[in-house]
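Please read the structure below before turning to the comments.
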Amino acid sequence: MDFMMEGRGSYGGGSGDEQEASNDRKGKKTYHRHNPYQIQQLESFFRACPHPDENQRRQLSRELGLETKQIKFWFQNKRTQTKTQNERADNSSLRTENEKIQCENLAIREALRNVICPSCGGPPFGEEERQRNLHKLRLENAHLKEEHEKVSNLLAKYIGKPISQLESLLPVLGSSLDLSPRSSLTQIVPSPAVNLMSDPVILDRTATPYQSRGINDLENALMMETAATALEELIRLLRIDEPLWMKILNDGRCVLHRDSYEKIFPRPNHFKSSNARTESSKASGVVTMSAMQLVDAFLDADKWADLFPTVIINAETFHIIDPGMPGNRSGALQLMYQQMHIFSPLVSPRDFCFLRHCQQIEHGVWVIVDVSYEFLKDCVTSARCWRLPSGCMIQEMPNGCSKVTWVEHVEVDDKTQTHRLYRDLVFNTTAYGAERWVFTLQRMCERLAYTFRDCAPSHELGGVLTSNEGRRSIMKLSHRMVKNFCGVLSMSGKLDFPQLSEVNNSGVRISVRISSELGQPSGTIVSAATSLWLPLQPESIFNFFKDEKARVQWDVLSNGSPVHEIAHILTGVHPGNSILIIRPFVPTENNMLILQESCIDPLGSLVIYAPIDMPAMNIATSGQDPSEIPILPSGFVITGDGRSHSGVGASTSATSGRPSGSLLTVAFQILVSSVSSSKQLNVESVATVNTLISATVQRIKAALNCSGLD
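Quick note: the sequence shown uses the working numbering, first residue 1, plus one each step.
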């Protein structure tokens with residue numbers, strides 16, 4: 001080949017820039033560089049046609065003044081140069097991709113070394129890992145034995161008994177120190193009146209899921225240590241704001257800053273489920289009750305439940321470890337049980353077995369701490385929840401008032417038990433948070449203050465109540481009505497009738513029970529409840545149910561006839577907090593009156609009512625004890641839906657994109673038979689009540705111009 005490639009040309013021409021001339025006789029080659037015009041024309045033609053044919057090469061040679069052979073070699077060299085450049089670019093791209101794959105490969109190898117089990121959080125299952133875990137467990141076991149020995153010696157010194165006596169006192173049932181695999185129920189010597197081998201406890205709204213048992217000195221000491229540690233943590237949570245607490249921008253609520261909290265109080269999570277979460281909140285307010293009265297009420301389970309009738313449906317004191325100092329109750333420690341429930345059957349109740357410890361830390365300042373305690377490990381409650389150190393600080397103030405600062409801190413695992421309508425409300429801590437405790441306490445203390453007023457305005461009584469004793473009797477009867485209604489809302493053993501819309505409604509839930517309790521009608525009672533979302537503000541719905549003229553649009557007891565208010569008792573400063581005695585104009589029910597109580601606070605409201613015959617009402621209005629008057633309440637629970645009014649804030653996928661509104665629960669109780677009836681009658685009664693509550697909901701939605709939601 002008589003053409004030599006040279007790399008002297010510019011980028012555009014490559015080695016084809018040079019013109020070749022041969023001298024066959026001398027064997028020498030000369031080179032001629034193409035001019036810029038020739039290179040430009042060749043480059044332009046190459047972009048359009050990299051492989052010109054013979055005719056195209058001849059035309060180019062004529063136009064550019066070059067030989068056909070020069071044109072041919074220029075295109076060959078240009079194609080070779082372009083191929084080389086493309087290969088170089090491809091190589092660079094492949095090299096980059098190869099480096100990326102190598103990095104990913106290294107990351108995957110590193111991840112495989114540190115892989116964990118998604119269910120337990122441990123290392124992967126394998127023989128090598130198993131041996132490693134066994135070795136780790138042996139080391140931990142040795143450490144725990146050493147710690148156990150230290151604690152046992154400390155407790156023996158504290159209690160003043162030898163170790164052998166302490167070990168003989170170790171409880172078997174549910175003890176946190178029961179390490180013996182040979183333990184059995186037969187090793188406990190119960191009192192003759194206690195049968196520890198009885199049937200398991202079945203959870204319902206009236207049964208306590210814990211059974212009391214004897215508590216020995218060792219467990220008492222452990223309870224004291226647990227309570228003292230919890231008290232120390234709660235005092236710090238109460239007194240420190242930043243960096244432990246931070247405010248949520250959209251509503252101003254205080255929640256714990258998790259990283260800061262875990263640095264100060266490191267502890268493992270109680271629940272290992274991926275659905276488990278932690279709720280924390282802090283709030284404060286002034287209540288119209290003295291600090292000492294509050295302390296006494298908090299340490300009495302019945303008074304405690306009476307102070308929070310819309311939150312607590314069951315409370316019990318299992319064991320008083322220390323009654324506290326006389327006069328101020330400082331140092332009091334007791335083991336308690338509490339079941340909480342609010343709003344609707346769609347919200348799962350929360351059960352706690354916990355230690356309550358009271359300590360006066362300054363003059364006129366008390367701290368009461370609650371912390372969960374595993375009294376019986378085998379007991380499984382209806383909702384999985386665990387209370388971390390929570391409680392309140394009570395500060396004495398002038399004029400018989402107190403300032404209460406509340407901290408609520410719990411771990412819960414109830415996502416699958418909470419209906420989507422209420423998930424926003426429950427998950428943002430509004431449902432069971434500190435604000436609810438403070439607002440409820442303020443309202444109930446105000447109600448108690450109104451109960452014991454020496455005189456009431458004459459316009460309140462309407463001529464029906466002629467004495468303060470009669471007014472207090474009516475308020476006592478109404479308080480029992482509210483407690484009964486809120487207790488029924490949990491609806492244990494409920495049946496579902498999902499006929500209503502599944503988008504904005506929950507369907508109807510039915511519960512049938514045979515009642516023989518004092519203060520309730522005897523016979524078969526059907527309870528029905530449904531919850532629905534409405535695009536209205538809670539206060540607007542509350543005002544609708546409070547409106548006497550609008551009652552004919554929803555109240556089945558009025559039978560479509562107007563009603564007349566014959567007595568009005570205020571229970572607080574807000575006009576919505578009141579008790580009414582109402583006379584419906586029903587010709588066939590001249591002997592019936594309606595007792596109604598309504599209450600409202602910043603987190604929601606209730607309107608609860610019940611029919612009472614005239615003789616029973618006369619007993620209450622005359623000031624006699626109303627505790628035996630049978631009452632069967634129905635009513636409404638109104639609350640926000642957990643979303644901010646601006647549409648900003650956390651929301652579940654089920655409610656995202658929906659404007660803020662309200663959640664309304666409608667609940668009826670109806671006595672369907674005063675004697676034991678057949679199953680067929682029960683089924684017919686259930687169907688009737690289901691139809692009745694469904695029709696009532698439709699009438700309410702029509703009256704509120706919300707019929708188009710379905």
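Note that beta-carbon positions come from the ideal geometry of N, C-alpha and C, so glycine has one too.
Computed from a predicted model, the values in this text were never measured in an experiment.
### Query
Which class does K272 belong to by DSSP, given the choice of helix, strand or coil?
Residue 272 sits at position 272 when you count from the first residue of the sequence shown. Three-state DSSP puts K272 in coil, outside helix and strand.
#### Entry: Outcome for P309 when other beta-carbon atoms lying within 10 angstroms are tallied against a minimum of 16
As a first step, residue 309 is located in the sequence shown; it is residue number 309 there, counting from the start. Result: buried.
#### Entry: CA-to-CA distance, R57 to Q76, given in whole angstroms
Locating residue 76 in the sequence shown gives position 76, counting from the first residue. Locating residue 57 in the sequence shown gives position 57, counting from the first residue. One C-alpha to the other measures close to 12 Å.
### Query
How many Å lie between R88 and F265 at the Cα?
Here residue 88 is taken as the residue at index 88 of the sequence shown, counted from 1. Here residue 265 is taken as the residue at index 265 of the sequence shown, counted from 1. Cα to Cα, R88 sits roughly 59 Å from F265.
### Query
So what's I202 in DSSP terms, helix, strand or just coil?
Within the sequence shown, numbered from 1, the residue matching residue 202 stands at position 202. Reliability of the predicted coordinates at I202 is poor, the pLDDT of 30 falling under 50, and the value obtained from them is presented with this limitation in mind. Coil at I202, not helix or strand.
### Query
Between D217 and D370, what straight-line distance do the alpha-carbon atoms span, to the nearest angstrom?
Locating residue 217 in the sequence shown gives position 217, counting from the first residue. Locating residue 370 in the sequence shown gives position 370, counting from the first residue. Distance between the alpha carbons of D217 and D370: 21 Å.
### Query
Would you report the Cα separation of A230 and L335, rounded to the nearest angstrom?
Here residue 230 corresponds to residue number 230 of the sequence shown, with the count starting at 1. Here residue 335 corresponds to residue number 335 of the sequence shown, with the count starting at 1. In a straight line, the C-alpha of A230 is about 14 Å away from that of L335.
### Query
Excluding sequence positions up to five away, which residues of its chain have a Cβ less than 7 Å from the Cβ of M325?
For the purposes of this step, residue 325 is identified with residue 325 of the sequence shown, where counting begins at 1. Counting only Cβ-Cβ distances below 7 Å, and skipping sequence neighbours, we find G331.
### Message
Helix, strand or coil, according to DSSP, for P36 in the structure here?
### Response
Within the sequence shown, numbered from 1, the residue matching residue 36 stands at position 36. Note: P36 maps to helix in three-state DSSP.
### Query
By the 10 Å Cβ neighbour count, where 16 or more other Cβ atoms means buried, how is V573 classified, buried or exposed?
By 1-based counting over the sequence shown, the position of residue 573 is 573. By the 10 Å Cβ count, V573 comes out exposed.
### Task
Can you say whether Q520 is buried or exposed, counting buried as having 16 or more other CB atoms within 10 angstroms of its CB?
Translated into positions along the sequence shown, residue 520 becomes position 520. Counting Cβ neighbours within 10 Å, Q520 comes out buried, since at least 16 surround it.
### Query
Taking the alpha-carbon positions, what's the H257 to V412 distance?
Mapped onto the sequence shown, residue 257 falls at position 257. Mapped onto the sequence shown, residue 412 falls at position 412. Those two C-alpha atoms are separated by around 18 Å.
### Query
Are the region 386–399 and the region 240–257 in contact at 8 Å, needing three or more beta carbon pairs?
no
### Query
For the beta strand (DSSP E) that contains S260, what are its first and last residues?
Here residue 260 is taken as the residue at index 260 of the sequence shown, counted from 1. Careful: S260 lies outside any beta strand (DSSP E), inside the alpha helix (DSSP H) at 258–264.
### Task
Could you tell me the boundaries of the alpha helix (DSSP H) in which K303 lies?
Residue mapping note: residue 303 aligns to position 303 of the sequence shown, counting from 1. From DSSP, the alpha helix (DSSP H) with K303 extends over 301–307.
### Message
Measuring straight from C-alpha to C-alpha, what distance separates R267 and R329?
### Response
On the sequence shown, position 267 is the one that residue 267 refers to. On the sequence shown, position 329 is the one that residue 329 refers to. Roughly 30 Å separates the two Cα atoms.
### Assigned exposure category for Q102 - 16 Cβ within 10 Å defines buried
Your numbering for residue 102 matches position 102 in the sequence shown. Its Cβ having fewer than 16 others within 10 Å, Q102 is exposed.
### Query
Buried or exposed: which applies to G327, given that a residue is buried once 16 or more other Cβ atoms fall within 10 Å of its Cβ?
Within the sequence shown, the letter at position 327 stands for residue 327. G327 should be labelled exposed.
### Message
Rounding to the nearest angstrom, what Cα-Cα distance links C706 and I600 in this structure?
### Response
Reading the sequence shown from its first residue, position 706 is the one you call residue 706. Reading the sequence shown from its first residue, position 600 is the one you call residue 600. Rounded to whole angstroms, C706 to I600 spans 23 Å at the Cα level.
### Query
Which residue's Cα is closest to the Cα of D351: A315, H363, D90?
As a first step, residue 351 is located in the sequence shown; it is residue number 351 there, counting from the start. It is A315 whose Cα lies nearest to the Cα of D351.
#### Entry: Delimiting residues of the alpha helix (DSSP H) encompassing S478
Against the sequence shown, residue 478 aligns to sequence position 478. Per DSSP, S478 belongs to the alpha helix (DSSP H) from 468–488.
### Message
Less than 8 Å between the beta carbons of L355 and M223, yes or no?
### Response
Taking the first residue of the sequence shown as 1, we reach residue 355 at position 355. Taking the first residue of the sequence shown as 1, we reach residue 223 at position 223. Yes, the pair counts as a contact, with Cβ atoms nearer than the cut-off.
### Query
Which residues share a DSSP beta bridge with P584?
Your numbering for residue 584 matches position 584 in the sequence shown. DSSP, once it has assigned bridges, lists V563 as partnering P584.
### Task
Give the range of the beta strand (DSSP E) segment to which S673 is assigned.
On the sequence shown, position 673 is the one that residue 673 refers to. Note, S673: beta strand (DSSP E), 662–673.
### Query
Taking just the CA atoms, how far does L144 sit from A227?
In the sequence shown, the residue the question calls residue 227 occupies position 227. In the sequence shown, the residue the question calls residue 144 occupies position 144. A227 and L144: Cα-Cα distance of roughly 22 Å.
#### Entry: One or two residues paired with R387 in a DSSP bridge
Residue mapping note: residue 387 aligns to position 387 of the sequence shown, counting from 1. Its beta-bridge partners are V410.
### Query
Residue range of the beta strand (DSSP E) that Q417 falls in?
The residue given as residue 417 occupies position 417 in the sequence shown. Premise fails: Q417 is in no beta strand (DSSP E) and is neither H nor E.
#### Entry: DSSP three-state assignment for T691, whether helix, strand or coil
Numbered from its first residue, the sequence shown carries residue 691 at position 691. In the structure shown, T691 sits in a helix (DSSP, three-state: H, G or I).
### Task
Locate the beta strand (DSSP E) running through W437, then write down its first and last residues.
In the sequence shown, counting from the first residue as 1, residue 437 sits at position 437. Counting along the chain, W437 falls outside any beta strand (DSSP E), though it belongs to the alpha helix (DSSP H) covering 434–451.
### Message
I need the boundaries of the beta strand (DSSP E) containing M340, first residue and last residue.
### Response
Position 340 of the sequence shown, counted from the start, is the residue given in the question as residue 340. M340 -> beta strand (DSSP E) spans 333–340.
### Query
Per DSSP, what kind of secondary structure is F427 in: helix, strand or coil?
As a first step, residue 427 is located in the sequence shown; it is residue number 427 there, counting from the start. Helix, per DSSP.
### Message
Tell me the residue span of the alpha helix (DSSP H) that contains P538.
### Response
The count along the sequence shown starts at 1 and reaches residue 538 at position 538. Where P538 is concerned, the enclosing alpha helix (DSSP H) stretches over 538–546.
### Task
Whole angstroms is fine: what's the gap from L448's alpha carbon to S372's?
Position 448 of the sequence shown, counting from 1, holds the residue named residue 448. Position 372 of the sequence shown, counting from 1, holds the residue named residue 372. Distance between the alpha carbons of L448 and S372: 30 Å.
### Query
N314 lies in the alpha helix (DSSP H); which residues open and close that run?
The count along the sequence shown starts at 1 and reaches residue 314 at position 314. First-last for N314: 312–322, but that is the beta strand (DSSP E), not the alpha helix (DSSP H).
### Message
Less than 7 Å between C-beta atoms, sequence neighbours within five positions excluded: which residues of the same chain meet that for T68?
### Response
To locate residue 68, count along the sequence shown from 1; it is residue 68. The answer, listed in chain order, is R57, R58, S61.
### Query
Are L593 and R583 close, meaning C-beta to C-beta below 8 Å?
Along the sequence shown, read from residue 1 onward, the residue named residue 593 stands at position 593. Along the sequence shown, read from residue 1 onward, the residue named residue 583 stands at position 583. Contact flag set, yes.
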